[in-house]
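Visitor:
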Amino acid sequence: MNQVYEKIEKCYESIKDRLPFLPKVALVLGSGLGNYADTMDVKAEIDYSEIADFPVSTVPGHEGKFIFGYVKEVPVVCMKGRVHYYEGYPITDVVLPTRLMKKMGAEILFLTNASGGINPDFTAGSFMLIKDHISCFAPNPLIGANIEELGCRFPDMSKVYDPALQNIIREKAKECNIPLKEGVYVQLTGPSFESPAEIQMLRSLGADAVGMSTVVEAIAANHMGMKICGISCVANLAAGMTDQPLTHEEVQEASNKAAPLFKQLITEAIGAF
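FYI, the UniProt record's numbering numbers position 192 of the sequence shown as 192, with every residue one higher than the one before it.
Quick look at the structure:
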């Protein structure tokens, strides 16, 4: 058996008897959204540290646990804290949580993150519907022997972000009077923020927002046939867009301020999935 798949199986076997239900939606909470679980009808929690050979998040603001609960009667498994490539984990461990949630039964992956705005029309606190992505320097999680149990060797990437789910998010944003931008998200490795020259490069490539997560998770989920959608909270303007230095504290502060509207949009969208 493929070693990566064997690890997924081992993780699943260690917790399968603790799953309270078959989840429909897998929700990944980015910076500033960690307490979204407080709004859910929670049925169970599993700390990452309790799962055999599971990577543990080390980033401030990212608690490490799965939350199982209902959002408007939809069964959801929620990642309260994600694992990043810059923490030193191999890329297969970074996407292990995504693959495990699919193994639990999730059909839809809802990705959220905090990002730096590259599009000059964005401001701190803007929400961006992810229409497509670019991966820069982060290794593709499908490198290596293909895991036939998960998907095909060369998955199509034409429509990673499901058009029907995008329409639902647009409709709910309009109903809630929440301004919603749209654009392309680019993932770099981090942990350093980007230089002004790198931001200029990313703008020329067509990116609207930049961060250190999400894309590799989307690639892994797409490989497995999950339906994917994503919203990015623009926590600050990227390097060179402003004279202010960039800090993680700034990202958390901006994300926390935007959290109430972000939570509302996520809740209404999931309820319509």
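Just so you know, even glycine gets a beta-carbon here, dropped at the ideal spot from N, CA and C.
#1: Does the structure place the region 126-143 close enough to the region 42-60 that three or more beta carbon pairs sit under 8 Å?
#2: Look up residue 146 in the DSSP assignment and say whether it is helix, strand or coil.
#3: In the DSSP assignment, what residue or residues form a beta bridge with residue 47?
#4: Quick one: what's got a C-beta closer than 7 Å to residue 41's C-beta in the same chain, skipping five residues either side?
#5: Reducing DSSP to helix, strand and coil, say where residue 214 ends up.
#6: Are the beta-carbon atoms belonging to residue 210 and residue 115 less than 9 Å from one another?
#7: Should residue 236 be labelled buried (16 or more other beta-carbon atoms within 10 Å of its own) or exposed?
#8: Go ahead and pull the three-state DSSP assignment for residue 108.
#9: Could I get the ranges of all uninterrupted beta strand (DSSP E) runs contained in the region 141-202, with 3 residues as the minimum, in chain order?
#10: Sort out for me which residues DSSP pairs residue 41 with in a bridge.
#11: If you measure between the beta carbons of residue 166 and residue 129, is that distance less than 9 Å?
#12: Count the other C-beta atoms from every protein chain shown that fall within 10 angstroms of the C-beta of residue 16, then say buried if there are 16 or more, exposed otherwise.
#13: Hey, how far is the Cα of residue 65 from the Cα of residue 122?
#14: Can you tell which of 58, 57, 73 and 39 has the C-alpha that lies nearest to the C-alpha of residue 22?
#15: The alpha helix (DSSP H) that contains residue 31, what's its start and end?
#16: Please go through the same chain and pick out, in chain order, the residues whose beta-carbon is closer than 6 Å to the beta-carbon of residue 43, but skip the five residues on each side of it.
Guide: In this structure, then:
#1: no
#2: The residue given as residue 146 occupies position 146 in the sequence shown. Three-state result, residue 146: coil.
#3: Taking the sequence shown and counting its residues from 1, one reaches residue 47 at position 47. For residue 47, which the question treats as bridged, DSSP gives the partners 65.
#4: Here residue 41 refers to the residue found at position 41 when the sequence shown is read from its first residue. Same-chain partners within the cutoff: 69 and 70.
#5: In the sequence shown, counting from the first residue as 1, residue 214 sits at position 214. Coil.
#6: Locating residue 210 in the sequence shown gives position 210, where the first residue counts as 1. Locating residue 115 in the sequence shown gives position 115, where the first residue counts as 1. For residue 210 and residue 115, yes; Cβs fall inside 9 Å.
#7: Start at 1 with the first residue of the sequence shown, and residue 236 comes out as number 236. Classification of residue 236: buried, given that the 10 Å Cβ count is 16 or more.
#8: Within the sequence shown, residue 108 is the residue found at index 108, counting from 1. In the structure shown, residue 108 adopts extended strand secondary structure according to DSSP, grouped into three states.
#9: 181-187
#10: Sequence index remark: in the sequence shown, residue 41 carries index 41 (1-based). Its beta-bridge partners are 70.
#11: The residue labelled residue 166 in the question sits at position 166 within the sequence shown. The residue labelled residue 129 in the question sits at position 129 within the sequence shown. Yes.
#12: The count along the sequence shown starts at 1 and reaches residue 16 at position 16. Looking at its Cβ environment, which holds fewer than 16 other Cβ atoms inside 10 Å, residue 16 is exposed.
#13: Working through the sequence shown from its first residue, we reach residue 65 at position 65. Working through the sequence shown from its first residue, we reach residue 122 at position 122. Residue 65 and residue 122: Cα-Cα distance of roughly 32 Å.
#14: Start at 1 with the first residue of the sequence shown, and residue 22 comes out as number 22. Nearest C-alpha to residue 22: 73.
#15: Sequence index remark: in the sequence shown, residue 31 carries index 31 (1-based). Careful: residue 31 lies outside any alpha helix (DSSP H) and carries neither H nor E.
#16: If you number the sequence shown from 1, residue 43 lands on position 43. Beyond the five residues adjoining it in sequence on each side, residue 43 comes within less than 6 Å, by CB distance, of 20, 68 and 69 in the same chain, given in chain order.
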